[in-house]
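Participant: Here the sequence shown stands for residues 2 to 395, numbered as in our numbering.
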Amino acid sequence: MTSLDEARALLADFPVVDGHNDLPWALREKAGYDLDRLDIATDQTGHLHTDIARLRAGGVGAQFWSVYVRTDLAGDAAVSATLEQIDCVEQLLARHPADLARALTAADMEQARSEGRIASLMGAEGGHSINNSLATLRALHTLGVRYMTLTHNDNIAWADSATDEPGVGGLSPFGHEVVREMNRVGMLVDLSHVAATTMRAALDTSVAPVIFSHSSSRAVCDHPRNIPDDVLERLPANGGVAMVTFVPKFVLQAAVDWTEAADENMRAHGFHHLDTTPEAMKVHAAFEESTPRPVATAATVADHLDHMREVAGVDHIGIGGDYDGTAFTPDGLDDVAGYPNLIAELLDRGWSKADLAKLTWQNAVRVLGAAEDVARNESARRGPSVATLEQLDG
């Protein structure tokens, strides 16, 4: 039996819980949410990283669908766009009930696995999605959102982003209250995209496990989107999970400088640097033809996991590919069918099947269950917070 055969067999028992897939935003940008135009029941190769057949081939058993909105959508416009993203996920669930199962709890995830369906959860990407309103945060939780990334690429009023200039020095007083309220309702605090100061501040405040839904190791690739070792070292005490991402510019040092040039080229042609529409991808392709792109592989991602396991421990790592949220992917991890290639690489490096089961399935399920336990205790202890940004931050 080859390593790839072993990987597929393992994933049949302990499938991948992927922390972050931007399919809803891709469907918004490429099809205006017309799910007949981009039907994931059919092969979407060349259009999307994701469809049902490739999720099955990749051994995906649970997916956190990102209900991301760009930060140039602010205020109530961001809230409305987030609701549209949630509606998109609801439509996907309604259209594909034999393959996708709504999941709100760790028990739901296990039930979906027992039924051979893909547990579908939601994560909001960026605190701008709640427009500084704890009531809106609670409403998103009621609608099924089970994590919120505190920032995206830009600072918000109460939290600093990894890719912006320092603003409040991590979390403001209101930012700490957001974390406490997320603990109370059972919404996971996601620290991908946030500044290292924000990571540390959130860990100081959270009484529930945190996650990094799609971040890799800063010691292996020195990019501000990645996790410093001192933060990884805190995960065992917190109980959280760092989910390695596949985005080449976050995992391969040589890709960092190339990506900065590629992003500037996109802006020079009038496109947002994260745009993956066909017109934008033509600009990307032309740039890549003239300036060859450094190529990451499954081994590149495995290097991050080796280091993250060494620093945080095998109970505190997971996978968050960021498919359909990036223009480029590593060789061998081209789309959601690629996870077996990563597991095979780790098997070849001597990872045990018990450790791989934790990486793919058990750690993520445990963390959501632990957040539920904390929420029961916290909600019994105190009621919903009515604090405002103005009251706490002045």
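From the three backbone atoms N, C-alpha and C, an ideal C-beta is built for every residue, glycine too.
Within a Cβ cutoff of 7 Å, which residues of the same chain sit near E182, ignoring the five residues on either side of it in sequence?
Facilitator: L135, L138, S386
Participant: According to DSSP, is W259 part of a helix, a strand, or is it coil?
Facilitator: helix
Participant: What do you reckon, are the CB atoms on G124 and S67 nearer than 7 Å?
Facilitator: yes
Participant: Identify every run of the beta strand (DSSP E) within the region 283-325, keeping only runs that are complete inside it and at least 3 residues long; order them along the chain.
Facilitator: 318-320
Participant: Got a sec, what are the start and stop residues for the alpha helix (DSSP H) M200 sits in?
Facilitator: 197-206
Participant: Quick one: residues in its chain with C-beta nearer than 6 Å to the C-beta of I400, no 5 flanking neighbours on either side, listed in chain order?
Facilitator: The displayed coordinates of the chain run from 2 to 395. Any statement about residue 400 would go beyond what the structure contains.
Participant: With a 10 Å radius around its C-beta and 16 neighbouring C-beta atoms as the bar for buried, classify R383 as buried or exposed.
Facilitator: exposed
Participant: Of all the options L56, D6, L369, E7, which has the alpha carbon lying nearest to the alpha carbon of D325?
Facilitator: L56
Participant: Straight-line CA distance for A388 to A140?
Facilitator: 16 Å
Participant: Identify, in the order they occur along the chain, each residue of the same chain with its Cβ nearer than 6 Å to the Cβ of D1, setting aside the five sequence neighbours on each side.
Facilitator: The shown model of the chain, from 2 to 395, leaves out residue 1, and the question about it has no answer.
Participant: In whole angstroms, what is the alpha-carbon distance linking I228 and A197?
Facilitator: 7 Å
Participant: Go to F213, then tell me how far its beta strand (DSSP E) extends in each direction, as first and last residue.
Facilitator: 211-213
Participant: Taking S218 as the reference, give the member of A313, T206, I157, W362 with the closest Cα.
Facilitator: Ranking the options by Cα distance to S218, first place goes to A313.
Participant: Between L253, V375, C89, which lies nearest to D40 when the distance is taken from Cα to Cα?
Facilitator: C89
Participant: Distance check for M2 and D161, CA to CA, integer angstroms please.
Facilitator: 48 Å
Participant: Contact check, D19 vs G321 under 8 Å by CB: the rounded distance?
Facilitator: 6 Å
Participant: Who are M149's beta bridge partners in DSSP?
Facilitator: A125, V190
Participant: So what's G60 in DSSP terms, helix, strand or just coil?
Facilitator: coil
Participant: Could you give the C-beta distance for V368 and L343, rounded to a whole number, given that I count them as a contact under 8 Å?
Facilitator: Contact flag wrong, Cβ pair sits at about 20 Å.
Participant: Kindly confirm or deny that the region 276-295 and the region 335-352 touch, where touching means at least three C-beta pairs closer than 8 Å.
Facilitator: no
Participant: Inspect the beta-carbon positions of T298 and D332 and report whether they are closer than 7 Å.
Facilitator: yes
Participant: Pairing CB atoms from the region 186-205 with CB atoms from the region 147-166, are three or more of them under 8 Å?
Facilitator: yes
Participant: Quick check on DSSP: helix, strand or coil for M2?
Facilitator: It is coil, neither helix nor strand.
Participant: In the DSSP assignment, what are the bridge partners of V242?
Facilitator: I212
Participant: How would you call E311, buried or exposed, if buried means at least 16 neighbouring beta carbons within 10 angstroms?
Facilitator: exposed
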